[in-house]
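Reading through the structure tokens given below for one structure.
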Amino acid sequence: MKKIYATVLVAAALIATPAMPSEITLGRWCDRMLPNLPRYNRTIEIVISEAHTPIARNSFADGSTNEQILEELGGDLYAVSESPSGDRYRVVASSGDLQLLDGDGIIRTAGRLENTLRDGECR
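Using our numbering, read the sequence shown as starting at 119 and increasing by one per residue.
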């Protein structure tokens, strides 16, 4: 009887315990690459995967998507793995915006978005 009771308690604890998220979203940003051509706008989402790997997910206005594996460099700086031009992302602590950089420095800054997707956002 004790064995059955213990099994029921363990099962109840597992059901009552909220599931850990499979990934953690660090933020979402709107990157307007070419201000006069909105079809090139993209939403950048940086997440920490279940395997503890930082990933940048890019969703473009034309519906295409891609992912970039990142390397955390510290100080809210992330390098794009195997980037020949040294592409990096830096989260600006004071504003929450995202700087896009390469080996020469800052390219442009993407504005922070809310963490829930809204229709037509960044399009």
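Just so it is clear, CB atoms sit at the ideal spot from N, CA and C, and this is done for glycine as well.
Proximity to I166 across G223, E185, V210 and D215 peaks at E185, based on C-alpha coordinates. DSSP, read as helix, strand or coil, puts P172 in strand. Straight through space, the alpha carbons of T143 and R157 are spaced by roughly 25 Å. Nearest C-alpha to L219 among P153, I173, S212 and S203: S203. Note on D222: under 16 other CB atoms within 10 angstroms of its CB, so exposed under the neighbour-count rule. By alpha-carbon distance to I225, the top candidate from S177, E232 and R206 is R206.
Pairing A228 with Y196, the inter-Cα distance amounts to about 15 Å.
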